[in-house]
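Colleague:
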Amino acid sequence: MRVISVDPITRLEGHGKFDIFLNDAGEVENVYFQIPELRGIEKFCEGRPVEELPRITQRACGVCPGPHHMASAKACDGVYGVEPPPAGKLLRELFLAAHFVHSHIAHFYALAAPDFIMGPQADPATRHILGVVGKVGLEIGGAVIKARAQGQRIQAILGGKATHAVCGIPGGMS
């Protein structure tokens, strides 16, 4: 059996690696994806009041704090045995939708587009977001930045601020 390892995986929000296991015919038999880093956010949560956790857990990731915040708020719902009212559920969904807009734009244009638009063979010194803007033009680059800013603005309005929101509480939104 042959193993192909890719470590580190680039264009990823965090650290990662994967091992591809090939059988004797050269076909993929298995793939293992690993996140080798330990953030240890759980240790910060131990002994804290459960209602503080939505504000703490979102700090596990600088790129996607919104989903961590909402997931923790939903976990708090379960701890307290409460169900958000319909308006609270809709506000949570809108908050996440706004996050998805700006996060997906950031992921595609900052992390993936350099390889897709510039090509993996492009010089690494120019294979970055500024190289992408240079290739697609300032009009498209500006539209991308504006769309991302709009998603962040919606998240800031609903969450109290665009990053590290304070809106998710047990039983709904504040």
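Quick note: the sequence shown uses the numbering used here, first residue -17, plus one each step. Beta carbons are placed, not taken as given, at the ideal position from N, Cα and C, and that holds for glycine.
1) Quick one: give me the first and last residue of the beta strand (DSSP E) that serine -13 is part of.
2) Residues bridged to methionine 155 by DSSP?
3) Taking the continuous beta strand (DSSP E) assigned at phenylalanine 0, which residues delimit it?
4) Whole angstroms is fine: what's the gap from leucine -6's alpha carbon to valine 32's?
5) Shortest alpha-carbon distance to isoleucine 87 belongs to which of Ala125, Gly60, Val61 and Leu73?
6) In this structure, how does DSSP classify glutamine 40 when only helix, strand and coil are distinguished?
7) Going by DSSP, which residues form a beta bridge with phenylalanine 15?
8) Roughly how many angstroms separate the alpha carbons of valine 61 and methionine 52, rounded to a whole number?
9) Exposed or buried, what is phenylalanine 0 when buried is set at 16 or more other beta-carbons lying within 10 Å of its beta-carbon?
10) Contact between the segment 106 to 126 and the segment -2 to 16 is defined here as three or more beta-carbon pairs at a separation below 8 Å; is this criterion met?
11) Measure how close the beta-carbons of glutamate 7 and proline 36 come, nearest whole angstrom, since I'm counting them as under 8 Å.
12) Round the Cβ separation of proline 49 and leucine 78 to the nearest angstrom and send it over; I've been treating them as touching at under 8 Å.
13) With a threshold of 16 other CB atoms inside 10 Å of the CB of methionine 155, please say whether the residue is buried or exposed.
Modeller: Per the coordinate set shown:
1) -16 to -12
2) Answer is Gly150, bridged to methionine 155.
3) -1 to 4
4) 31 Å
5) Ala125
6) The answer is helix: DSSP assigns glutamine 40 an H, G or I state.
7) Beta-bridge pairing links phenylalanine 15 to Phe0.
8) 14 Å
9) Per the 10 Å Cβ criterion, exposed.
10) no
11) Per the sequence shown, residue 7 should be read as alanine rather than glutamate. No, alanine 7 and proline 36 are not in contact; Cβ-Cβ is about 50 Å, not under 8 Å.
12) 6 Å
13) buried
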